[in-house]
Ligand SMILES: Nc1nc2c(ncn2[C@@H]2O[C@H](COP(=O)(O)OP(=O)(O)OP(=O)(O)O)[C@@H](O)[C@H]2O)c(=O)[nH]1
Ligand SMILES: [Mg+2]
């Protein structure tokens, strides 16, 4: 009998000890100091000295989903939108890589149609490989030759001399004629492709990009519901020599255009984003007053009506007429970004902080939950490890002039 009592009291003692230790452990867990990154980021303070966002990058914070109504799969009819890629036949495998990522994180649930554009017909191999990468509809489209051709006002001798001058200045791709054509096409021609006229919104996708975290809501309805016209993830400085005369040409356009009653520059535009010289004064100097900061356009989710508007088209035609797409190497990224930062309300431009993305060598990596983002895309990662690339990040300018939004 005594033996039995002894056994019971030992068990009670064990149980008591177990319960006490567990309670202490859970108390310690619950009361542990929360990381300062567990809530939304504090109001943005522009770093002094360098543009480094180390320690204050909004991507380090677990800011949760965007505010307002979000539309999840099957909750609403699809928006008038397409996933869009200008791509070469030789890039089929790289395109499939991007597609599989975007399908996995987003489109398997939504089923938005894909549109592929090319200046030569897509071959059977490209079609076969890309068809196998999605259940969604795909259109394979040839670009009308007159949209792609080098305009007749471009002088071949000046073009040749300019290409080699830029090459000597180290401007990447300056001697590749097709690269100039591609930049011009993406700057102002693409929304007029006959196959795109029926769409309002596009999500631009390039071959060989990566998407990491799940995107649970519809980004097109997100833009439409909030009167947003453009979404980006990464903002970078450009090589000043590639755009040396772009800003003066933009100023000439602004001086020459008579728009009627509406103000040409939007009263709530982020002009300072374009003219800033705080972090890289030599860039602003060498690009004749343009900071060279731009939304990196290999990722864009946007409203084609902005690029189809009479004002944007007048701006594009002016730039095109000046020859700078060929005599310099103006990219569609600065051309889009300048127009957006002049003609649009800055509140209409959205930073998709929650889309985890990589186009070599840069990243946009959010903190998706309290355990941090997945493997390769850890919160706040910006480059592939090359420290010299860190200074190419100009998001600090955008946050300063337009807010984090
Ligand atoms: N059809 C077609 N697509 C092109 C051509 N040149 C470029 N592209 C596409 O245009 C987009 C931009 O070209 P990229 O070569 O990626 O240019 P980039 O992003 O500035 O350069 P990288 O850093 O090398 O990726 C990609 O989607 C390419 O597939 C071309 O001559 N024909
Ligand atoms: Mg690219």
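In my numbering, the protein residues as written are 87 to 491.
All C-beta atoms in this analysis are idealised placements derived from N, C-alpha and C, irrespective of residue type, glycine included.
This structure is a prediction, so every number in the text was calculated from the model and none was measured.
The beta carbon of residue 245 sits closer than 6 Å to those of 412, all from its chain and outside the five residues before and after it, given in chain order.
A straight line joining the alpha-carbon of residue 258 with that of residue 163 spans about 43 Å. A distance of 8 Å or more separates the beta carbons of residue 478 and residue 295. Selection 272, 438, 351 evaluated against residue 172 yields 272 as nearest (Cα-Cα). Collapsing the DSSP output to three states places residue 196 in a helix.
Under the 10 Å beta carbon count, residue 214 is surrounded by fewer than 16 other beta carbons and is classified as exposed. Cβ atoms of residue 449 and residue 381 stay farther apart than 8 Å, at about 15 Å.
Look at residue 384: its beta carbon is less than 7 Å from one of the heavy atoms in ligand 2. Cβ neighbours of residue 181 within its own chain (closer than 7 Å, five residues either side excluded): 171, 173, 216, 293.
By the criterion of a C-beta distance shorter than 8 Å, residue 312 is surrounded in its chain by 154, 436, once the five residues flanking it on both sides are discounted.
Counting C-beta atoms within 10 angstroms of its own C-beta, residue 304 has 16 or more neighbours from the protein chains shown and is therefore classed as buried. Taking the C-beta atoms as reference points, residue 441 is found no nearer than 8 Å to residue 300. Among the bridge pairs identified by DSSP, residue 296 is matched with 444.
It is roughly 24 Å from the alpha-carbon of residue 397 to the alpha-carbon of residue 328.
Residue 168 and residue 224 have their C-alpha atoms some 10 Å from each other. DSSP places residue 424 in the helix class (H, G or I) of the three-state scheme. In this structure, residue 287 lies away from residue 255, with their beta-carbon atoms at least 8 Å apart. Short of 6 Å from the beta carbon of residue 166, and not among the five residues preceding or following it, lie these beta carbons of its own chain, in chain order: 285, 286. Counting the other CB atoms within 10 Å of its CB gives residue 179 a total below 16, which places it among the exposed residues. Considering only 129, 320, 229, the residue with the shortest C-alpha distance to residue 280 is 229. C-alpha of residue 146 to C-alpha of residue 454: approximately 9 Å in a straight line. Ranked by Cα distance from residue 353, the options 183, 209, 488, 136 are led by 488. Distance between residue 342 and residue 375, taken at the CA atoms: about 19 Å. Here the stretch 367-374 makes no contact with the stretch 400-417; the two share fewer than three CB pairs at distances below 8 Å.
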